[in-house]
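Number of protein chains: 2
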Amino acid sequence: MARRRAKKRDESVRANQILTAADALFGEQGYDAISVRDVAEAAGVNKALVFYYFDNKEALFERVMARYYAAHEQALRDALAEDGTVAERLHRLMDGYVDFIATHQNFPRFVQQQVASRGPALTLIGENLAGLQRFIEQALGDLVPATGPLAARQFFLTFSASVINHFTYAEALAPAWGTDPLSAEGIAERRAHLHWLVDALLAALEKA
Amino acid sequence: MARRRAKKRDESVRANQILTAADALFGEQGYDAISVRDVAEAAGVNKALVFYYFDNKEALFERVMARYYAAHEQALRDALAEDGTVAERLHRLMDGYVDFIATHQNFPRFVQQQVASRGPALTLIGENLAGLQRFIEQALGDLVPATGPLAARQFFLTFSASVINHFTYAEALAPAWGTDPLSAEGIAERRAHLHWLVDALLAALEKA
DNA sequence: GTTGGGTTTGACCGAACGGTTAACATATGC
DNA sequence: GCATATGTTAACCGTTCGGTCAAACCCAAC
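Quick note, the sequences are listed as chains E and Y, same order. Be aware that the first sequence starts at 0, since it is given in numbering that gives the first Met the number 0, and climbs by one per residue. Be aware that the second sequence starts at 0, since it is given in numbering that gives the first Met the number 0, and climbs by one per residue.
Set out below in structure tokens:
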């Protein structure tokens, strides 16, 4: 009974209203550009209620991020669950990453915001990236050396950047491209490019 | 004489003190996280003087960005001036881009900040990216189709992301990597990876 | 029908924000 | 040496910020 009440506070309708509003606003304009008043107003809730459910603005933001990390890790784990050839595993990994980001487009925005402005979530992001890197290292196996320009970490950076920036730079690129990079066709084209990229790099690796 | 005085205001020692301080602070913590007071204090100048030399905070930021764009365009133009094989041209372009960003590390931070938070400089950045894309299209020539997953714009995004994110994510990656990505060795390793990347992709393109 | 605990609110707080102003300093031209 | 334009300052302005608080509200349990 006591436990049920304690849980209630976390899962309450209000708390989720606030989290959803905060997610949308922070994602759109950035943490610093959004006030707690903005969040409360968008959530249709009194400002004091935000502080009733969350310790402060920063804790609210961390809770917004936390929702993504659980889903993020699960998505990647699923993508690498079954085995197969290196190419198959990497294709699945890229697909899983694209899918995850495509359905959670605010997530990479948060990451870039934090990284570019040295936000408080930077260490958390670092740990998350390290985990992601381990997936790539695992998938590449002993196909690449431990250090140097062909090290797994270099491929990780190239791959993750190629996925993430498609979404984060989409709005800036849209005018130059004819089509919208975030449309279904735009994402499909990018996905096909990423698959080709993986195959091309694997071919080059095997030749050496 | 009148012109000399008008120019003086732009090139004054004070104005440059303020611009340099604003550059460092905005780059470190982001536009919204820095107050005009912070800038004035770091520049060793009275806050009102900032408004004497610049219309407002946003205009100050735009002037900080403007200093980069001139240098940026020149650096790329130089990198593509001489001709040669496609591989040579792309290597030079990558080197030029890496060099420019390595010596102006705040620049990609500004870009990511603006892009991730839909800042006012977004359209300016879009035009800049479009120009950069044209360089890649020019270098790739008729090696790639006009549309689809192997279109020049896809390669542009992959290349630029692979360069930019090395610098913007360096701080988050440093713990997972043994070395510091921003050290001379770290940058050299990335540069070597990028060269290998270009060669691998060109080899795959020519095979098709 | 009243008590009591979780929930919600409006009113309030000090601090910091971007920006202004009027006075003061300094150099320049005559 | 005086007038004039430029450079610099401290003090101040209204507004918004993150955060607090006591009172009101709601509703289930007795």
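All residues carry an ideal CB built from backbone N, CA and C; glycine is no exception. The model shown is predicted, which means the values in this text are computed figures rather than measured ones.
(message) Distance check for Pro148(Y) and Leu156(Y), CA to CA, integer angstroms please.
(response) 12 Å
(request) State the start and end residues of the unbroken alpha helix (DSSP H) segment that holds Pro119(Y). (result) It is not in any alpha helix (DSSP H) - Pro119(Y) carries neither H nor E in the DSSP assignment.
(request) Compare the C-alpha of Glu126(E) against each of Ser116(Y), Ala175(Y) and Ser161(Y) and name the closest. (result) Ala175(Y)
(request) Run the CB neighbour count on Pro144(E), radius 10 Å, all protein chains shown included, and call it buried at 16 or more, exposed below. (result) exposed
(request) Determine, using beta carbons only, whether Pro144(E) comes closer than 9 Å to chain Y. (result) no
(request) Rank Phe158(Y), Asp82(Y) and Leu204(Y) by C-alpha distance to the C-alpha of Asp141(Y) and give the top, closest one. (result) Leu204(Y)
(message) Under DSSP, the alpha helix (DSSP H) around Leu200(Y) begins and ends at which residues?
(response) Ala183 to Lys206
(message) Residues of chain E with CB closer than 9 Å to the CB of Leu121(Y), please, in chain order.
(response) Glu170 and Ala171
(request) Taking only beta carbons into account, state which residues of the region 104 to 132 of chain Y come closer than 7 Å to chain E, listed in chain order. (result) Arg108, Gln111, Gln112, Val114, Ala115, Ser116, Arg117, Leu121, Ile124, Gly125, Leu128, Ala129 and Gln132
(request) Report yes or no: is there a C-beta of chain E within less than 9 Å of the C-beta of Thr157(Y)? (result) yes
(request) Kindly list the residues whose CB is nearer than 7 Å to the CB of Arg3(Y), restricted to its own chain and excluding five residues on each side of it in sequence; keep chain order. (result) At Arg3(Y), the pLDDT of 38 sits below 50, so the modelled position is not reliable; the number obtained from the coordinates is stated separately. Contacts found: none.
(message) Under 7 Å, CB to CB, which of the residues in the region 171 to 187 of chain E have a partner in chain Y?
(response) Ala171, Leu172, Pro174, Ala175 and Trp176
(request) Give a yes or no on whether the minimum CB-CB distance between Arg36(E) and chain Y is below 9 Å. (result) no
(message) Applying the 10 Å Cβ sphere with the 16-neighbour rule, what's the burial state of Gln112(E)?
(response) buried
(request) State whether the region 120 to 138 of chain Y contacts the region 71 to 78 of chain Y, with contact taken as three or more CB pairs (one from each stretch) at a distance under 8 Å. (result) yes
(request) Might you give, ordered along the chain, the residues of its own chain that have their beta carbon closer than 8 Å to the beta carbon of Asp22(Y), omitting 5 neighbours on each side? (result) Val63, Arg66 and Asn105
(request) Could you name the residues of chain E that Ser161(Y) contacts, counting a contact when the two beta carbons are closer than 8 Å? (result) Leu156, Thr157, Ala160 and Ser161
(message) What ranges does the beta strand (DSSP E) occupy inside the region 91 to 135 of chain Y, keeping only unbroken runs of at least 3 residues that lie completely in it?
(response) none
(request) Enumerate in chain order the residues of its own chain whose CB-to-CB distance from Ala39(Y) is below 6 Å, with the five nearest sequence positions on each side excluded. (result) Lys46 and Val49
(request) Please classify Asp222(Y): does DSSP put it in a helix, a strand, or coil? (result) Residue 222(Y) lies beyond the residue range present for chain Y, which begins at 0 and ends at 207; the question has no answer from this structure.
(request) Consider the Cβ of His194(Y): report whether some Cβ of chain E lies at a distance smaller than 9 Å. (result) yes
(request) Please report how far the alpha carbon of Leu89(E) lies from the alpha carbon of Glu57(Y), in whole angstroms. (result) 44 Å
(request) Name the residue from Trp195(E), Leu121(E) and Asp98(E) whose alpha carbon lies nearest to the alpha carbon of Ala86(E). (result) Trp195(E)
(request) Determine the contact status of Arg108(E) and Phe166(E), defining contact as a CB-CB distance below 9 Å. (result) yes
(message) Please classify Tyr51(Y) as buried or exposed, where buried requires at least 16 other C-beta atoms within 10 Å of its C-beta.
(response) exposed
(request) Compare the C-beta of Gln137(E) against all C-beta atoms of chain Y and say whether one is closer than 9 Å. (result) no
(message) Can you tell me whether Ser11(Y) is helix, strand or coil according to DSSP?
(response) coil
(request) Would you tell me roughly how many angstroms separate the C-alpha atoms of Tyr68(E) and Ser11(Y), rounded to the nearest one? (result) 49 Å
(request) Out of Ile186(Y), Met93(Y) and Thr146(Y), point me to the one whose CA is closest to Ala187(E)'s CA. (result) Thr146(Y)
(request) Would you identify the three-state DSSP class for Arg2(Y), choosing helix, strand or coil? (result) Residue confidence for Arg2(Y) is low, a pLDDT of 34 falling below 50, so the modelled location carries little weight; the figure read from the coordinates is stated next. Helix, per DSSP.
(request) Would you give the residue range spanned by the alpha helix (DSSP H) that Val143(E) belongs to? (result) Neither: Val143(E) is in no alpha helix (DSSP H) and is coded neither H nor E.
(message) Quick check: what's the CA-CA separation for Leu92(E) versus Thr178(Y)?
(response) 26 Å
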